[in-house]
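The structure appears right after this line, and notes come after that.
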Ligand SMILES: [Ca+2]
Ligand SMILES: [Cu+2]
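Numbering (my numbering), first residue to last: 15 to 402.
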């Protein structure tokens with residue numbers, strides 16, 4: 015019932031611990047570092063203890079079974095790692111134990127074709143398609159009260175990376191149908207973008223699904239591995255192979271697209287992880303249902319009585335708070351995007367956390383859905399049906 019793995023950072027698997035020491039090489043002993051070894055540095059990660067991988071019924075179309083179980087959530091400081099980048103990411107610590115129940119998850123990000131089916135069935139209009147009002151933005155000049163969304167724009171020359179407004183512009187007419195603005199058209203197999211939180215929720219409701227919690231997303235992204243920095247293992251590019259759609263070249267001047275894609279990539283362009291999920295890192299950011307706070311993990315651990323007491327099915331704090339922008343209501347986003355690079359942001363790393371203001375989509379923010387198993391076991395009896 016349990017699968018355990020040797021993590022790159024030295025977390026020992028249960029299987030190895032069960033061996034007698036006489037059968038283990040000195041190198042392995044050094045990796046395992048018994049709990050009693052005082053003063054020795056110790057990985058914060060424990061094993062991943064999966065529930066049964068047997069699905070509770072037939073999978074809903076396009077979804078895969080995520081078994082759930084207990085795992086270590088969060089990220090150690092990546093700045094010392096190869097390709098770890100410059101950001102220490104304290105909001106992803108302490109690493110701590112979490113348990114999630116099993117669930118179904120979309121094997122890909124929601125695509126434009128899927129989103130178009132939703133829009134055709136419901137007439138839904140996304141936030142990016144609706145002009146902001148004077149009531150919502152009393153101080154904004156009237157000429158700015160135009161529907162649109164934020165679009166990444168390469169700079170002409172290298173810039174200090176301390177002000178992201180240098181490479182984001184508010185583009186009138188940018189929305190899921192026109193990802194770069196008027197004149198650009200969506201591709202059916204690309205992930206839908208320019209999706210605000212409410213837009214994602216509306217789609218989920220129509221599809222009979224919901225957004226993943228942050229813990230569910232991370233459990234799923236780890237694909238059964240334990241303590242690895244990436245959804246596929248220890249290295250960003252094993253044997254030189256690109257495993258996710260990220261940014262190459264000089265950020266934010268020019269993406270050379272060595273991984274095959276400048277900007278967004280069609281879903282399933284890179285290998286699936288251990289659970290059969292595609293693009294859990296890179297491509298587009300994905301909304302989670304949790305409110306964002308930088309100290310979420312510390313608060314949960316305090317409430318649970320320590321980092322080794324598994325927190326069951328965490329749903330995040332009751333209210334959002336980001337000291338960097340205290341008036342904005344932010345939700346957690348996971349996975350990073352096609353703009354991630356170790357020059358600026360390495361949130362393609364599986365234990366790291368992103369955040370986004372609820373009403374703000376952009377051309378690198380999308381989502382995917384999850385679904386709870388049906389009581390009685392047959393999930394196949396509940397296909398996605400328009401609810402209105
Ligand atoms: Ca790319
Ligand atoms: Cu990033």
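C-beta: ideal position from N, C-alpha, C; glycine also. Just so you know, these numbers come straight off a predicted model, no measurement behind them.
ask   = In whole angstroms, what separates the C-alpha of residue 26 from that of residue 229?
value = Its pLDDT being 26, under 50, residue 26 is placed unreliably in this model, and the value from its coordinates should be taken loosely. Between residue 26 and residue 229, the C-alpha separation is close to 22 Å.
message = Against chain B, with Cβ distances strictly below 8 Å, would residue 372 count as a contact?
response = Of the protein chains in the structure, only one exists, and it is not chain B.
query = Helix, strand or coil for residue 401 per DSSP?
reply = With a pLDDT of 39 at residue 401, under the threshold of 50, the modelled position of this residue cannot be trusted, and the question is left open.
task = With hydrogens ignored, establish whether the beta-carbon of residue 250 is closer than 7 Å to any heavy atom of ligand 2.
result = In this structure, residue 250 has its beta carbon at no less than 7 Å from each heavy atom of ligand 2.
inquiry  = Just list the residues that DSSP pairs residue 371 with in beta bridges.
reply    = Beta-bridge pairing by DSSP links residue 371 to 344.
message = Give me, in chain order, the residues of the same chain whose beta-carbon lies closer than 6 Å to that of residue 196; leave out the 5 immediate sequence neighbours on both sides.
response = If we look at residue 196 and ignore the five residues flanking it on each side, its Cβ neighbours are 187.
ask   = Would the beta-carbon of residue 352 fall within 8 Å of that of residue 296?
value = Yes, these two residues count as a Cβ contact at 8 Å.
query = Just to check, is the beta-carbon of residue 271 closer than 7 Å to a non-hydrogen atom of ligand 1?
reply = It does: the Cβ of residue 271 is within 7 Å (strictly closer) of some heavy atom of ligand 1.
Straight-line gap, residue 63 to residue 326 (C-alpha atoms, nearest Å) = A straight line joining the alpha-carbon of residue 63 with that of residue 326 spans about 13 Å.
message = Nearest by alpha-carbon distance to residue 291: which of 119, 83, 82 and 338 is it?
response = Residue 291 has its Cα closest to that of 119, out of 119, 83, 82 and 338.
ask   = What are the start and end residues of the beta strand (DSSP E) that includes residue 85?
value = Its beta strand (DSSP E) spans residues 83–87.
inquiry  = Going by the DSSP bridge assignment, what does residue 185 pair with across the sheet?
reply    = 163.
task = Could you work out which residue in 90, 74, 88 and 69 is closest to residue 81 when comparing CA atoms only?
result = Ranking the options by Cα distance to residue 81, first place goes to 69.
inquiry  = Please identify the residue among 179, 73, 95 and 78 whose C-alpha is closest to the C-alpha of residue 244.
reply    = Distance check between residue 244 and each of 179, 73, 95 and 78 places 95 closest, using alpha-carbon atoms only.
request  = Please determine, among 347, 333 and 348, the residue with the shortest C-alpha to C-alpha distance to residue 341.
outcome  = Between residue 341 and the set 347, 333 and 348, the nearest pair of CA atoms involves 333.
ask   = Does at least one heavy atom of ligand 2 sit under 7 Å from the Cβ of residue 354?
value = Distances between the C-beta of residue 354 and the heavy atoms of ligand 2 include at least one below 7 Å.
task = Sort 257, 284 and 236 by Cα distance to residue 112 and report the nearest one.
result = Comparing Cα positions, the closest option is 236.
Where the alpha helix (DSSP H) through residue 133 begins and ends = Unbroken alpha helix (DSSP H) run through residue 133: 126–136.
query = Is it the case that the Cβ atoms of residue 207 and residue 382 are separated by a distance below 8 Å?
reply = With respect to the 8 Å criterion, residue 207 and residue 382 are not classified as neighbours on the basis of their beta carbons.
inquiry  = Tell me whether the region 166–184 and the region 253–266 touch, counting them as touching only if at least three CB pairs, one residue from each stretch, are closer than 8 Å.
reply    = They touch, by the three-pair rule.
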